Structure formats: structure tokens, C-alpha cells
Ligand code: C2E
Ligand code: MG
Ligand code: MG
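In my numbering, the protein residues as written are 1 to 697.
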């Protein structure tokens, strides 16, 4: 290391001696600049910075301590070594007190020890400078990170804090220094709110790094609480001895609030804030586990609102959402704190009673929920009366697993719906049998199309006055292996549930069009062929395109095709229904409203839809008996249809009385066992040829 020395002395002898001494050492002689007065020294310090200054304090332009002080002021970071004369030790001492790095006397000019001393001073100063830079860098880094850092000594007293630590704890570094860490950082357990031992204590005790329990709360100096996450590590000294601890932590209040919100959202329904399926499943599992231990019982309620679509249709989806929120509140009001009301999407709710004293208790709750829901409910200035159908399953009788219990409750709800609505049903053997049967039907239905087990019968529609056939209705039959001919009532609901109605319905449509075409080719005047359309088909995206394809494939005349659609299907989404109907009409196809009169009291939609025919539901025709009065509904429907210029046909005519009644009221067309049962296509052909006999009964 080659050192640069500035020699300051007016004494030529001293200058020479020092020069000789300092240029002598090999292999690294010092490079030397020598000046003779203070002002030259100061100029030289400004021009180039030496590694060390060797100064004689007696100069022509300055003397004694003043010389040192001015030199030191000119170059405070450069080590200055003072040369003192005989008996000047006091002066040298004062210089050292004021910042000199050392002194030597003229006696030492010859000594190599002096050279070594100068070298040591230079080296020490270099190390100090490096440490200064290192420390400044560490300080800047520590202050610029967002994590709080606190250093402590062996007694767990604070030695250091960075800016983040100051702002999180509310203590300034100067104030905290020397205070126990427990005082500066008061921490509590987020759950119990009991005080927590500071990890620094444990680190100092075990000499191992460690972390804090998640959710730990730091009470700031001003009393505010923040959630922190932290870790602490031991600090080891030169000889690897433990000499303190450093604690790094950060404020996770916002992050934690966010993660708690996310966790809540993941387990709750956005609309009602009720637990969702996944949380219900957890709770159900817990309830089952606990019931297992106490030989207790758990009840699961599957609740579906009745005709909720109508609510949505009348006040829109936003209004429907409000109703669901009110329903959620009412249901919650019916159960205790340990029970769970959850929403399964749509208008389905599942309620869990985690401990019941026998099924009777479940029945009482179901009754209470129905009663609560029935209370009039006002939304958007409209009053609704909501009813629901509830199915109940009980652990352990009906099943031991959440999915089984839910399935059973669902099946029981389905039964409640089929039976009466606005009622509840327990899962029972009977429902189980029906459930199993439904499963069997759906399995068998899957194969039925491929195995060619379906056929279509055709029931004539007859002009009630001249007894000519005005058309036929295609009615599906399933020739189920081993069970014989099955009526649609047995399997169509299952096909609708499973979606199988789509391929099946498509098959019926193609079959009916092909048969219609065959009759036409044979020159038989069957007039129209009507096909029943279920909700799922009607709402399906390709519905209109599929009809077009079936017509093109069969080359059947669209004007001879009728589609029978029920009121409830049309009312489901009035705008959309109307759009589809107009598309169908454009092809020349005619539309009949099936089972008219049982769905909606509102008849205003008849004007909205392009409807050609109304089919009076069988139930009204059945009521026409000699003892039943005046058949006022049938009379009204016929009159209304006539005034709207819509054709009307009566379904289910079984007696001569009914036939005569309808004729008297001006009903032009009819259909029923009295006239003809559904027939095979070849029988229809014969009937067209032979003509209808006047029915007798
Ligand atoms: P719907 O469209 O109202 O058909 C009339 C039903 O009444 C037929 O029952 C028919 O056999 C029966 N019926 C006719 N005259 C009389 C009578 O005088 N007395 C009595 N008691 N019943 C009579 P079916 O064939 O069992 O069909 C029942 C329902 O199944 C149909 O009611 C229709 O909604 C549906 N359906 C039938 N075929 C299909 C189909 O291909 N696709 C779809 N989606 N549904 C179909
Ligand atoms: Mg029909
Ligand atoms: Mg009908």
C-alpha cells in the first residue's frame, strides 16, 4: 500500500529527516508532498487529499493548538499526526483530544516504529471509512424497507429501530433505545386477547430463530391495534457468542382483513350472505360427527320456493333478489344460533338442525318455516305470499353422509312439490322407492332411443259438428322391455330432469313430420299433425333451427305442423317466448296453447303471442257432468277464444254429455276417448278412409 503523506513543517532539518524516513521503507515507500506553512498546507489539502498529514505545530503563520485546529477544520476526515518537540507532550495530548490520531517526537524520526505507526493510522482510518459507508448503507436499506426492524441487546432492551418500526409502534428510536422490548412492543393473541410472550425472549433463551403465531395483535403506543406477522432471530458476535436479537415484522391488518373477506366470500352466498353449499357441507359433516359421539340426530331440510319464477317475472330479477333476501332473513329467524340456514342457489335453501330430539321437532320447525314464509311480503309496492315445499331427511335414519342426506331431503322436497306444494315431507320408504324407480327410469331412458323402444301414437282431433278428422296429436309411448307400454306421465318428467327430453323430443318431431309426409304421399287427408313441446326444448338455443331441419328432411308441409306448448312454458320469459313464437309462425307452423286454463289467471298474454289454437284442459271438460251446473269456465274460454278469433279445441271428451255441451257452446273441435283413443299410424290411415262414426255413449 503506497501512502500519500503531507508533511507540514518549516523546519528544513525535520523535513529532510522525515523525507528520508518515509521514502526509505521498501517495497512501499510513501509518496510525499512537503509544505512549509499552514496556508500552503490548507491549499495542498484542497488540491489533493493525502492519506495522512504529519504536522509540526510551530509554523511561520500559525503556532501551537491553533495550527492543529485549523488543519483539522480543513480536513476533518484525514488523520493528522503531530510532531512534538522536547517537553511538548501536553500540547500533543491536547491535539489528540481534539482529534489527532497520534503524535511522535523528533527522537522517533529514525525509528521504523514510526513508519509502522503511520501505516496503522492510515489503515485504521480506511477501515473506519469503509465501516461508515457500510453502516450508512445498512441504515438507508433498513429505513427504506417496509418491514419494521428492531434490534435488542442480550437483556432484550431495544438498541435499534428502523423507520417502519417507529411508525408501526409509535415509538421514536431515541425514545425506545434502552427500553425493554415488551414495553415498546405490546403484543396480544388475536383470538384470546391474552398477552403473548415476545419472541425476542424466546430467541434469547433458545438461541434459535422463531416466528409469531398468525393473527398476533400489536398495541401501538397510542393504543391503536394492528395485526402483525413477524419473526425474530438471534444476533451473534465475533466469536459466535449470542449478543442480541433482531425482530422483523409487518402490519398485516389490511392484508388480513382482505384475506378474511375472501374467506368469507368463498363460504357465503353473495346475495343473502348465508353460508353457501361448501360451508353447509362442512357444518353438516361436523354435526354428523358430533351426533355420532352423542348418539344424537341431525335434520336436513331442503326448501324450494313454490312458483318463484312468477315472482321474478312480475317484478324482475332485482325484485326477485330482494324477495330472496327477505326469505333468507325469515328462515334465519326460525332457527337457533347453532343451526345453519344456507342458500343453494336459485330459490333453494338448505337448513341444518344440528341436534334434534326426534323427527317431531323437525316437523315443528318445517311448519314454522312455512308459516313464516306465508306471511305477506311487500317488495316494490307489491304484496306477495311466498310458499315453499320442504323435504326433510334425518341422520342416522336416512343416511350417514352429507351428500346422501341432502339427496334424501331433495327427493322428499320433490314429493312435497308434486303432492301439494306449501307443505313438507319426510324422506320415507315410499319416497326412497320412488327415488330408486326414478333412477331406474333415467338409466333405462338413456338406452331407449338407441334400442328403438319409443313409438308415437296419434290421437285424432275431430270436428264436433260433422265428425271429420281435422288433425292428429302425436303422443309418445315407451315400449319398455319387460314392463310393456309406458305412458309419458311416467317417464317424461324424468327425461326433463335429466335433459334426455332433448334427443327424445327431437326424435318425436322427426318421426311425426315423417309420418305426416307419408300420409300426404298416400293421399290421405289427415290435415294437421301436432307435436308436444316441453319447456327445455322450447328454451333450447337450437329449437327453431331443429324444427326447420326436421321439416326440410321430411319435406313435410310446415302449414300442416302444429306445436303444442303449455301456458307455463310461454309465461316463463314472455319476451323471449314471443320472439320464438314469431320465428315459428314465420315458417308457417301453427301454435296451440296446451292445457289451457290451469296455469295462469292472466289472459292478457294471449294478445302478446301469435297463438292459433287454445286447447281447453281436460280437467274443465271432465267437470262437465249433468249434475255439475253450468260449466261456466268452459263457456267463458270458448267465448273468449271466439272473440279473439282464436280456434278452440276441447281435450278429454269422454261422454256424450260433454260432447253435446261443447257443441251447444259453439266449440268446433274436440279430442277424447269418446271420439278415439290414440292410435297407431296405420289405424289413422284406415280411419281417414272409413270416416268417423257418430259417437254414441
Ligand atoms: P297432452 O298434450 O295434454 O295430451 C293429452 C293427453 O290426454 C294424452 O295423454 C292423451 O292420451 C290423453 N287423453 C286424450 N283423450 C282423453 C280422454 O278422453 N280422457 C283421458 N283421461 N285422457 C285423454 P298421454 O298420451 O298420456 O300424454 C300425457 C302428456 O304427456 C301429454 O299431455 C303431453 O303433455 C305429454 N306428452 C305426450 N307426448 C309427448 C311428447 O312427444 N313430447 C312431450 N314433450 N310431451 C309429450
Ligand atoms: Mg298436447
Ligand atoms: Mg293437454
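Note that the Cβ used here is the ideal one computed from N, Cα and C, for glycine as well.
It should be emphasised that the depicted structure is a prediction, and the values quoted were computed from it without experimental measurement.
- In chain order, 319 and 320 place their CB closer than 8 Å to the CB of residue 312, counting only its own chain and leaving out the 5 sequence neighbours on each side.
- Between the segment 342 to 362 and the segment 262 to 274, the count of C-beta pairs closer than 8 Å reaches three or more; the two stretches touch.
- Under DSSP, no beta-bridge partner is assigned to residue 408.
- Per DSSP, the beta bridge partners of residue 104 are 83.
- Across the structure, residue 640 and residue 646 are spaced so that their CA atoms are roughly 9 Å apart.
- For residue 615, the enclosing beta strand (DSSP E) has its first and last residue at 613 to 616.
- Inside the segment 485 to 565, DSSP marks whole beta strand (DSSP E) runs of 3 or more residues at positions 528 to 532, from first to last along the chain.
- As DSSP reads the structure, residue 131 sits in no beta bridge.
- Relative to the non-hydrogen atoms of ligand 2, the Cβ of residue 380 never comes closer than 8 Å to any of them.
- The C-beta separation of residue 529 from residue 561 comes to about 6 Å, placing the pair in contact by the 8 Å criterion.
- Across the set 5, 494 and 557, the C-alpha of 557 shows the shortest separation from the C-alpha of residue 525.
- Taking 8 Å as the cut-off, one finds no heavy atom of ligand 1 near enough to the beta carbon of residue 554.
- Per DSSP, residue 307 is not a residue of any beta strand (DSSP E), being assigned neither H nor E.
- Across the structure, residue 625 and residue 677 are spaced so that their CA atoms are roughly 21 Å apart.
- Membership of residue 231 in the beta strand (DSSP E) is indicated by the continuous run 225 to 236.
- Counting C-beta pairs with one atom in each stretch, the segment 253 to 262 and the segment 372 to 382 have fewer than three that are closer than 8 Å, which means they do not touch.
- For residue 469, no alpha helix (DSSP H) encloses it; the enclosing beta strand (DSSP E) starts and ends at 469 to 480.
- In the structure shown, residue 463 falls within a strand segment according to DSSP collapsed to helix, strand and coil.
- Inside the segment 353 to 401, DSSP marks whole beta strand (DSSP E) runs of 3 or more residues at positions 377 to 379, 382 to 384 and 388 to 395, from first to last along the chain.
- Residue 671 is a Cβ neighbour of residue 653, given a cutoff of 9 Å.
- Distances from the CB of residue 530 to the heavy atoms of ligand 2 include at least one below 8 Å.
- The beta carbon of residue 596 sits closer than 8 Å to those of 567, 614, 615, 616, 617 and 637, all from its chain and outside the five residues before and after it, given in chain order.
- Here residue 328 is buried. Its C-beta has 16 or more other C-beta atoms within 10 Å.
- Here residue 467 is exposed. Its C-beta has fewer than 16 other C-beta atoms within 10 Å.
- When secondary structure is reduced to three states using DSSP, residue 605 falls in the helix class.
- With a cut-off of 8 Å on Cβ pairs, the segment 88 to 95 is in contact with the segment 64 to 75, counting three or more such pairs.
- Around the beta-carbon of residue 464, 16 or more other beta-carbon atoms lie within 10 Å, marking it buried.
- For residue 647, the enclosing beta strand (DSSP E) stretches over residues 647 to 650.
- Residue 427: not part of any alpha helix (DSSP H); DSSP gives it neither H nor E.
- Take the alpha-carbon of residue 609 and the one of residue 515: they are about 29 Å apart.
- For the pair residue 523 and residue 559, the CB atoms are not nearer than the 9 Å cut-off.
- With a cut-off of 8 Å, the C-beta of residue 613 is classified as distant from ligand 1, since no heavy atom of the ligand falls inside that distance.
- Inside the segment 114 to 195, DSSP marks whole beta strand (DSSP E) runs of 3 or more residues at positions 148 to 152, 158 to 161 and 186 to 188, from first to last along the chain.
- A direct Cα-Cα distance of roughly 21 Å separates residue 199 from residue 163.
- 388 is the residue among 388, 362 and 420 whose C-alpha sits nearest the C-alpha of residue 371.
- Counting C-beta pairs with one atom in each stretch, the segment 71 to 80 and the segment 36 to 54 have three or more that are closer than 8 Å, which means they touch.
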